[in-house]
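First the structure, in the form of structure tokens, and then the observations on it.
Protein chains in written order, with my numbering: chain A, 10 to 334; chain B, 605 to 909.
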């Protein structure tokens, strides 16, 4: 299944939903309530839907297997409504099934508690950025949820930077509380994957690095576009080998697979579970080589500029597209 | 006004209520809200137990001085709530940004950029907790920190405006896994060293000054009664306005907290080095306006794999 957070174009009310084909989204709570209302009184249906398929990302993900089972049945219900040409409304009379034309997608987990973004985790990226040896343990920095942006957005380049860079990454969404789990157990705690473009202000970062611990260089406003949706792990043949690519204005800049990760996703989940992970928390993969900061003297600069379009693509998930202004 | 976040013993676990505090006396804000002085909060219905800490913080700036005094006086006549368990006064999803530097041996220069480490809510135990250090490390230390609490959304503010976004203060016992920190500092992060689950503490209350310009006075940290750190906000390299302004570039939200010192004193880092802690130690961090944050270090706990 593919999950999204979205809002109607005429409203700011963010809801959690399921992609129905490529052109529709069903509101998970309203759709579940409508489905259950065929079997029981409306009030009861609404209570059960709110409890087992709430329309907020972290609450839904915290529901675990029960929430997923409810969502699966609601997806079938929505597919049937769509194929029969029936409108699907919630028991509150509000629409439950939306055309993609009527909504905008948001970052899939806008209220994630922790977002731990891996750094220096692809050997070739490490080589283009620094002469340091491979780290012995996972390296990461925190990404604030106040920096999240949805897919297909136009993002102003922050005035704090003149060296603004892109990084395609896969982001794992944690599905269950995880504390000190082994790498062998770790993937059982992952709800699904989405795409993350780790926009980086390299000059701000290096200025911070000179005296301490970089933070703002990775956390300027709107610098964490994510999406377009979360794909549950069961949808992938081999989630450890996904192909990742970044194109800027159609030109391929980064191309690799998750097999090139120094610490694979299972090891990252295991490592960071030492501080405790909760449903909705996010861990990202790190990025392969090909970033603007890796350009050598004499080569044309690749820093992002107004008008550029970044397409971060991950096989099996889709394309996260961002335009810069 | 001093505000505590409490769970009532015997009540539903995890259900938190706001209370106002005077010395050892607490009064649930729901009782507070339903009686005098109603006028103080009459313009907002969001200040209620349901509204939570963030709603109170957001409202505080809009109260006039007389309302704040009235609230404080009323709180002094509050009811005892002996069965209240005070929890860390930290809003859900709030971030604690700790000012810091990894170059402990060098005094910072005037133009040094603000640097920070992040502590997640999960890193904090309740005030008065017995902290169980995980068996993942054996070198632990603690710093006393003043937590400045953000009361309104702040984006790209200058230092003066950012100072106005701060509505309250609390105390933080910032516990660090020092060996891990030294390793992580080499790769430019301190995320795990600062975020072991439940090893730091925060509280016991949030002090909302009646005078918006008021700041906490001298802070002292004692380990087993011995004075180990002492500082005031005037000693610190960066002001709260500097820090809030810098991090407002990334947006600050109500309930976010900014950790101030003592790792970054104006005269370098030798005056107040972190204090090593071991099982059995009692950490007391005190400030006249906020009270005493007292935690005990328990035995190391094993992790469950």
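No residue lacks a Cβ here, since even glycine has one placed at the ideal position from N, Cα and C.
{"Check": "Check distances from the C-beta atoms of the region 274-301 of chain A to those of chain B and list, in chain order, the residues that come in under 7 Å.", "Outcome": "283, 284, 285"}
{"Check": "Run through DSSP, which three-state label would residue 198(A) get?", "Outcome": "helix"}
{"Check": "Please list, in chain order, the chain A residues whose beta carbon lies closer than 9 Å to that of residue 720(B).", "Outcome": "217, 221, 222, 224, 225"}
{"Check": "Please confirm if residue 141(A) has its CB atom under 9 Å from at least one CB of chain B.", "Outcome": "yes"}
{"Check": "Please tell me whether residue 75(A) and residue 244(A) are closer than 9 Å, where the distance is taken between their beta carbons.", "Outcome": "no"}
{"Check": "Evaluate the contact criterion for the region 737-744 of chain B versus the region 815-823 of chain B: three or more CB pairs, one atom per stretch, below 8 Å.", "Outcome": "no"}
{"Check": "At the level of alpha carbons, what is the spacing between residue 883(B) and residue 892(B)?", "Outcome": "28 Å"}
{"Check": "Closer than 8 Å between beta carbons: that is the criterion. Which residues of the region 147-178 of chain A meet it against chain B?", "Outcome": "148, 149, 150, 151, 153, 154, 155, 156, 167, 169"}
{"Check": "Assign residue 646(B) to one of three DSSP states: helix, strand, or coil.", "Outcome": "Residue placement at residue 646(B) is flagged as unreliable, the pLDDT there being 39, under the threshold of 50; the coordinate-derived value follows with that caveat. Reduced to three states, the DSSP call for residue 646(B) is coil."}
{"Check": "Any beta carbon of chain B sitting closer than 9 Å to that of residue 120(A)?", "Outcome": "yes"}
{"Check": "Between the region 132-149 of chain A and the region 307-316 of chain A, can you find at least three pairs of beta-carbon atoms closer than 8 Å?", "Outcome": "no"}
{"Check": "List the residues of chain A that residue 855(B) touches, going by C-beta distances under 7 Å, in chain order.", "Outcome": "155, 230"}
{"Check": "Give the residues of chain A in contact with residue 801(B), contact being defined as C-beta atoms less than 8 Å apart.", "Outcome": "188, 284, 285"}
{"Check": "Tell me the start and end of each unbroken beta strand (DSSP E) in the region 148-178 of chain A that is at least 3 residues and wholly inside, in chain order.", "Outcome": "148-151, 162-164"}
{"Check": "Would you mind sorting residue 119(A) into buried or exposed? The rule is 16 or more other CB atoms within 10 Å of its CB.", "Outcome": "buried"}
{"Check": "Examine the Cβ distances between the region 83-103 of chain A and the region 251-263 of chain A and report whether three or more of them are shorter than 8 Å.", "Outcome": "no"}
{"Check": "Drop a sphere of 10 angstroms on the beta-carbon of residue 684(B), count the other beta-carbons inside from all chains shown, and report buried for 16 or more, exposed for fewer.", "Outcome": "Because the pLDDT of residue 684(B) is 43, which lies under 50, any placement of that residue in the model is unreliable, and the question is left without a value."}
{"Check": "So, with DSSP's three-state summary, where would you put residue 124(A)?", "Outcome": "strand"}
{"Check": "Would residue 195(A) be called buried (16 or more neighbouring beta carbons within 10 Å of its own) or exposed?", "Outcome": "buried"}
{"Check": "Tell whether a beta-carbon distance below 9 Å holds between residue 18(A) and residue 111(A).", "Outcome": "yes"}
{"Check": "Quick check: residue 7(A) and residue 722(B), are their CB atoms within less than 9 Å of each other?", "Outcome": "What the structure shows of chain A is the stretch from 10 to 334, and residue 7(A) is not part of that stretch, so it cannot be assessed."}
{"Check": "Buried or exposed for residue 224(A), please, with buried defined as at least 16 other CB atoms from any protein chain shown within 10 angstroms of its CB.", "Outcome": "buried"}
{"Check": "Using CA atoms only, rank isn't needed, just tell me which of 66(A), 12(A), 124(A) is closest to residue 291(A).", "Outcome": "124(A)"}
{"Check": "Output, in chain order, the set of chain A residues within a Cβ distance shorter than 9 Å of residue 896(B).", "Outcome": "Per Cβ cutoff of 9 Å: no residues; residue 896(B) is ~27 Å from chain A at best."}
{"Check": "What residues of chain B sit near residue 144(A), judged by a beta carbon separation below 7 Å?", "Outcome": "791"}
{"Check": "Decide if residue 49(A) is buried, meaning its Cβ has at least 16 other Cβ atoms within 10 Å, or exposed.", "Outcome": "exposed"}
{"Check": "Answer with yes or no whether the minimum CB distance from residue 123(A) to chain B is below 9 Å.", "Outcome": "yes"}
{"Check": "If we define contact as Cβ-Cβ less than 9 Å, is residue 756(B) a contact residue for chain A?", "Outcome": "no"}
{"Check": "If contact is defined by three or more beta carbon pairs under 8 Å, each pair taking one atom from either stretch, is the region 758-765 of chain B in contact with the region 834-854 of chain B?", "Outcome": "yes"}
{"Check": "Does the structure place the region 187-194 of chain A close enough to the region 76-85 of chain A that three or more beta carbon pairs sit under 8 Å?", "Outcome": "no"}
{"Check": "Quick check on residue 132(A): buried or exposed, where buried means 16 or more other Cβ atoms within 10 Å of its Cβ?", "Outcome": "exposed"}
{"Check": "Can you give the beta carbon distance from residue 777(B) to residue 748(B), rounded, assuming they're within the 8 Å contact cut?", "Outcome": "7 Å"}
{"Check": "Name the chain A residues that come within less than 8 Å of residue 572(B), Cβ to Cβ?", "Outcome": "The question about residue 572(B) has no answer, for chain B in this structure spans 605 to 909."}
{"Check": "Identify whether residue 891(B) lies in helix, strand or coil by the three-state DSSP scheme.", "Outcome": "strand"}
{"Check": "Of all the beta strand (DSSP E) runs that stay within the bounds of the region 229-272 of chain A, which reach a length of 3 or more residues?", "Outcome": "233-241, 252-257, 260-266"}
{"Check": "Does the distance from the CB of residue 753(B) to the CB of residue 861(B) come in under 9 Å?", "Outcome": "yes"}
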